[in-house]
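These protein sequence lines are chains A and B, in that order.
Counting in the numbering used here, the first sequence runs from 1 upward without gaps.
Counting in the numbering used here, the second sequence runs from 1001 upward without gaps.
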Amino acid sequence: DAKTTQPNSMESNEEEPVHLPCNHSTISGTDYIHWYRQLPSQGPEYVIHGLTSNVNNRMASLAIAEDRKSSTLILHRATLRDAAVYYCIPYSGYSTLTFGKGTMLLVSP
Amino acid sequence: KAGVTQTPRYLIKTRGQQVTLSCSPISGHRSVSWYQQTPGQGLQFLFEYFSETQRNKGNFPGRFSGRQFSNSRSEMNVSTLELGDSALYLCASSAGVANEKLFFGSGTQLSVL
Chain A
1 DAKTTQPNSM ESNEEEPVHL PCNHSTISGT DYIHWYRQLP SQGPEYVIHG
51 LTSNVNNRMA SLAIAEDRKS STLILHRATL RDAAVYYCIP YSGYSTLTFG
101 KGTMLLVSP
Chain B
1001 KAGVTQTPRY LIKTRGQQVT LSCSPISGHR SVSWYQQTPG QGLQFLFEYF
1051 SETQRNKGNF PGRFSGRQFS NSRSEMNVST LELGDSALYL CASSAGVANE
1101 KLFFGSGTQL SVL
């Protein structure tokens, strides 16, 4: 499994953009980059995933470096409901996600 | 569509007992996977079932087992409970295709005394 490095925590103000970085320098060529988040007292929730090009959905955007050794999850306007632990997971299997420690995002009003 | 349902939500057992946890996946999903979450080890993959067959297995002792029924519902069993088995047990469902997203339940919080 590819090793990931994420900041332990990050802070943001409400309605500001948030850029959550992830380093995955040992990623294999077939691994997609998945992002999940876990809100307090809940199970993880899928956010977004991509392989090579940047991806957008209603929750967030994913910017993937050209060499695929790093990626950035972008929340365009943070809300209090976005406060969670965010996990970056290089993955190419069947339901066998390997979670690291993730980044705890704190959002202030 | 109803989400992933896990029962019970909380469970208290004593050392040496066994426990069975239940997971009902999203309708139409054929894959159910189980994860253990503890403050020390984080989220760790236990095993995955697809169409009633165990397809993948994590690095846990044989005391942890599971099964899946023909309606895709899954159960996880832990025998001879140890204090270290206290954890949040999470179940996730998906259609079972590679690289697709998983849908997680809210988990069962198991406390072993």
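Glycine included, every Cβ here is placed at the ideal spot set by N, Cα and C.
Taking 8 Å as the cut-off between beta carbons, the residues of the region 47 to 76 of chain A near chain B are His-49, in sequence order.
In this structure, Gly-1096(B) and Arg-1030(B) form a Cβ contact; the two beta carbons are roughly 5 Å apart against a cut-off of 8 Å. Looking at the backbone, the Cα of Pro-7(A) and that of Leu-105(A) are separated by about 10 Å. Assignment of Leu-97(A) by DSSP, reduced to helix, strand and coil, places it in the coil class. Among the residues of the region 4 to 31 of chain A, none has a Cβ less than 7 Å away from any Cβ of chain B.
The beta carbon of Gln-1044(B) is closer than 7 Å to those of Tyr-1035, Gln-1036, Gly-1058 in its chain, skipping five residues each way along the sequence.
Among the residues of chain B, none has a CB under 8 Å from the CB of Leu-80(A); the nearest is roughly 20 Å distant. Listed in chain order, the positions of the region 93 to 107 of chain A with a beta carbon within less than 9 Å of a beta carbon of chain B are Gly-93, Tyr-94, Ser-95, Thr-96, Leu-97, Thr-98, Phe-99, Gly-100, Lys-101, Gly-102. Interface criterion met: the Cβ of Glu-1048(B) is under 9 Å from a Cβ in chain A.
The three-state reading of DSSP puts Gly-50(A) in strand, counting E and B together.
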